[in-house]
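First residue of the sequence shown: 1, per my numbering; consecutive thereafter. The C-beta atom is built at its ideal place from N, Cα and C for all residues, glycine as well. The structure appears right after this line, and notes come after that.
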Amino acid sequence: MSWTLKKKAQARLAQEQGTIRKDWGGKVPVALVYPNTYAVGMSNLGFQTIYWYLNQLPDVVCERVFLPDPEDADELRRTSTPPFSLESLRSLSDFHMVAFSITYEGDYINALRLLALAGIPLRTADRGPHDPLVLMGGVCAFSNPEPLAPFMDFIVVGEGEELVGELIQAYREGYRERQSFLDRLVTIPGIYVPDRYGVSYQPDGTVAAVLPREGASAIVTKRRLSDVNRFETISLVKTPHAEYGHMALLEVGKGCGRGCRFCLEGQVYRPVRHRSVASLTETVAKIAKDADGKRIGLVGACVSDYPWIGDLLKVVEDQGLELSISSLRADSLTPDLVAALARGGHRTLTVAPEAGTERLRRAIRKVITDEQLYAACALIRRHGIPNLKCYFMIGQPTETLEDVEAIPDLAQRMLERLRVLDPVGKPFGRLTLSISSFVPKPWTPFQWAPFDTVESLQNKLEIIKRGARPFSNVRVLHENPREAALQALLARGDRRVGDFLELATRLEGDWRRALREWDADAAFYTTRERSIDERLPWDHFDVGVKKSGLIREWERAGAEAAPRPVG
Ligand code: SF4
């Protein structure tokens with residue numbers, strides 16, 4: 001192992017608070033892997049929660065593994081250092097279970113690269129009795145895990161808090177060899193063993209059927225927590241090396257009832273379940289006791305919709321904590337909430353109009369009016385918050401060129417409301433337009449929609465940048481549409497997309513080259529509009545979303561399309 005990398009890991013640990021260290025003797029060692037860097041992984045609340053729950057089980061030792069930082073790639077190669085855990089510096093292949101927490105499709109290749117670097121065979125079929133069991137959880141596990149199906153021994157479909165206990169119990173009671181353990185796992189609701197399902201295809205390339213075998217059930221049903229108050233979702237490990245690492249993150253509930261038609265989280269975490277103020281009060285008090293716990297970040301699909309937000313703000317302030325919230329709905333901002341954020345030191349407030357026109361916002365069901373956005377501008381200035389960030393998406397269904405041109409126009413109108421002095425005479429800072437490309441996601445009404453082409457998205461970005469150029473305090477940030485196209489391929493891919501992932505792994509993550517060399521057509525998965533009669537690669541899952549409801553919403557979105565000019 002590289003001495004330099006070992007030192008770096010130890011320095012990181014020394015700066016953490018809340019690290020859990022356990023002895024390995026007689027316990028099941030589980031590597032909890034975030035297939036991205038330490039800074040990204042440690043900002044993920046789900047990852048932190050599972051780390052804590054697994055370590056609460058007396059017969060488990062759970063340690064964290066991350067993708068090496070890019071600057072360490074040469075050192076890793078030079079010293080042939082395999083990925084290793086932060087806590088005990090053991091190699092990934094020393095663990096009995098390698099559990100990936102995956103919340104972003106772009107990390108699929110990273111997950112396979114970590115297996116390859118550890119010398120663990122990529123495909124389940126090639127693993128032997130001494131290889132670890134490889135599994136995945138996280139939102140990608142229940143949106144559409146099919147592109148990763150050839151590489152995962154099993155997949156945890158659902159909110160993992162309860163399931164991890166059942167999983168470890170099954171392992172403790174019955175692990176003798178891989179196949180008999182998988183026999184046992186297929187009987188646990190919410191565990192998907194991909195190898196127990198055969199997929200056949202139509203002559204046109206679409207999925208014909210998914211047939212279960214050897215005891216697997218035809219439909220894999222997502223597990224969800226019935227009582228969110230029984231499980232605290234809180235980040236307990238703090239680090240200066242992660243975006244939200246300096247604050248305790250606290251989940252106020254699961255799900256969102258708004259039903260924006262592009263939003264995966266808004267669908268798959270239903271029904272909406274809010275934690276009670278009483279149970280959150282206990283957690284907030286625990287955070288406040290921590291000598292360094294001065295700041296708290298509230299997390300949830302839509303925090304400003306939390307029904308008792310006023311009471312919760314009071315609890316947070318009574319405990320002497322500062323408040324932070326990552327993104328808010330412009331139509332549920334209240335003076336109290338903005339004032340609390342201002343007192344908590346918020347320098348930037350973030351809202352997500354998603355579209356430049358009210359017409360397109362109606363089509364995507366993000367029903368926020370321009371007036372509500374102007375009111376949000378006035379509110380942040382009244383409370384002295386200097387910066388505003390707005391999320392927009394381009395390439396959405398029914399979008400026209402007018403909708404794209406409307407984004408800088410709207411920014412200009414917002415700027416007119418923002419360019420006022422705050423109560424202490426300070427001027428406005430900056431308006432950031434953060435533009436992403438729409439990626440159609442499974443389980444949403446837009447799952448049948450085509451992904452826009454990269455060229456078209458690049459043109460739209462140019463229109464927005466050109467429109468914003470005259471304003472010195474408007475900044476346009478955007479991701480690369482090619483990366484969005486990769487995400488679109490992986491989000492709605494079937495098992496055959498696994499071949500592309502394997503190729504990209506062999507090419508050390510060079511996915512652009514892998515796309516060129518792959519003997520399939522990525523456009524089949526990305527820019528093709530799907531018929532509602534087509535069998536989708538994730539149709540053998542039940543995540544609690546009814547297809548009939550999605551079809552109805554998809555048709556309603558079409559009805560909001562802009563009328564075509566006559567003549
Ligand atoms: S985009 Fe936000 S408000 Fe809309 S459904 Fe998703 S989480 Fe809810």
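Spatially closest choice to residue i from the options, by CA coordinates
{"i": "residue 347", "options": "386, 309, 337", "result": "386"}
{"i": "residue 14", "options": "485, 241, 210, 156", "result": "241"}
{"i": "residue 225", "options": "559, 550, 554, 543", "result": "543"}
{"i": "residue 19", "options": "6, 61, 26", "result": "61"}
{"i": "residue 238", "options": "536, 462, 52", "result": "52"}
{"i": "residue 211", "options": "221, 222, 430, 194", "result": "194"}
{"i": "residue 301", "options": "268, 282, 317, 498", "result": "268"}
{"i": "residue 325", "options": "318, 309, 303", "result": "303"}
{"i": "residue 142", "options": "557, 540, 372, 553", "result": "540"}
{"i": "residue 26", "options": "333, 172, 64, 8", "result": "172"}
{"i": "residue 400", "options": "363, 367, 429", "result": "363"}
{"i": "residue 299", "options": "46, 128, 201", "result": "46"}
Heavy atom of the ligand SF4 within 7 Å of residue i beta-carbon
{"i": "residue 366", "result": "yes"}
{"i": "residue 258", "result": "yes"}
{"i": "residue 556", "result": "no"}
{"i": "residue 301", "result": "yes"}
{"i": "residue 140", "result": "no"}
{"i": "residue 377", "result": "no"}
{"i": "residue 390", "result": "no"}
{"i": "residue 358", "result": "no"}
{"i": "residue 266", "result": "yes"}
{"i": "residue 62", "result": "no"}
{"i": "residue 362", "result": "no"}
{"i": "residue 21", "result": "no"}
{"i": "residue 270", "result": "no"}
{"i": "residue 329", "result": "yes"}
Rounded straight-line distance, which links the Cα of residue j to that of residue i
{"i": "residue 57", "j": "residue 562", "result": "56 Å"}
{"i": "residue 336", "j": "residue 277", "result": "17 Å"}
{"i": "residue 570", "j": "residue 331", "result": "The shown model of the chain, from 1 to 567, leaves out residue 570, and the question about it has no answer."}
{"i": "residue 86", "j": "residue 157", "result": "27 Å"}
{"i": "residue 118", "j": "residue 205", "result": "34 Å"}
{"i": "residue 504", "j": "residue 436", "result": "24 Å"}
{"i": "residue 309", "j": "residue 281", "result": "12 Å"}
{"i": "residue 110", "j": "residue 284", "result": "35 Å"}
{"i": "residue 3", "j": "residue 131", "result": "26 Å"}
{"i": "residue 487", "j": "residue 258", "result": "24 Å"}
{"i": "residue 538", "j": "residue 495", "result": "10 Å"}
{"i": "residue 360", "j": "residue 560", "result": "8 Å"}
{"i": "residue 415", "j": "residue 473", "result": "9 Å"}
{"i": "residue 44", "j": "residue 396", "result": "27 Å"}
{"i": "residue 377", "j": "residue 306", "result": "22 Å"}
{"i": "residue 567", "j": "residue 557", "result": "Because residue 567 sits at a pLDDT of 49, beneath the cut-off of 50, its placement in the model cannot be relied upon, and the following sentence gives the value as read from the coordinates. In a straight line, the C-alpha of residue 567 is about 25 Å away from that of residue 557."}
Test item: CB-CB of residue i and residue j under 8 Å
{"i": "residue 467", "j": "residue 403", "result": "no"}
{"i": "residue 321", "j": "residue 295", "result": "yes"}
{"i": "residue 76", "j": "residue 68", "result": "yes"}
{"i": "residue 457", "j": "residue 440", "result": "no"}
{"i": "residue 150", "j": "residue 123", "result": "yes"}
{"i": "residue 153", "j": "residue 167", "result": "no"}
{"i": "residue 163", "j": "residue 190", "result": "yes"}
{"i": "residue 572", "j": "residue 391", "result": "Not covered by the structure: residue 572. The range shown for the chain is 1 to 567."}
{"i": "residue 485", "j": "residue 524", "result": "no"}
{"i": "residue 526", "j": "residue 477", "result": "no"}
Near the ligand NAD: residue i beta-carbon under 7 Å from a heavy atom
{"i": "residue 16", "result": "Of the ligands this structure carries, namely the ligand SF4, none is the ligand NAD."}
Run of the beta strand (DSSP E) containing residue i, from where it starts to where it stops
{"i": "residue 281", "result": "Note, residue 281: premise wrong, no beta strand (DSSP E); alpha helix (DSSP H) at 277–289."}
{"i": "residue 361", "result": "Residue 361 -> not in any beta strand (DSSP E); alpha helix (DSSP H) instead, spanning 358–363."}
Run of the alpha helix (DSSP H) containing residue i, from where it starts to where it stops
{"i": "residue 402", "result": "401–418"}
{"i": "residue 481", "result": "481–491"}
{"i": "residue 54", "result": "45–56"}
{"i": "residue 259", "result": "Taken as a continuous stretch (DSSP letters only), residue 259 belongs to no alpha helix (DSSP H), as it is neither H nor E."}
{"i": "residue 349", "result": "No alpha helix (DSSP H) holds residue 349; the beta strand (DSSP E) holding it covers 348–354."}
{"i": "residue 462", "result": "454–468"}
Cutoff 8 Å: residue i Cβ touching any chain E Cβ
{"i": "residue 71", "result": "Protein chain content of the structure displayed is limited to a single chain, and chain E is not contained in it."}
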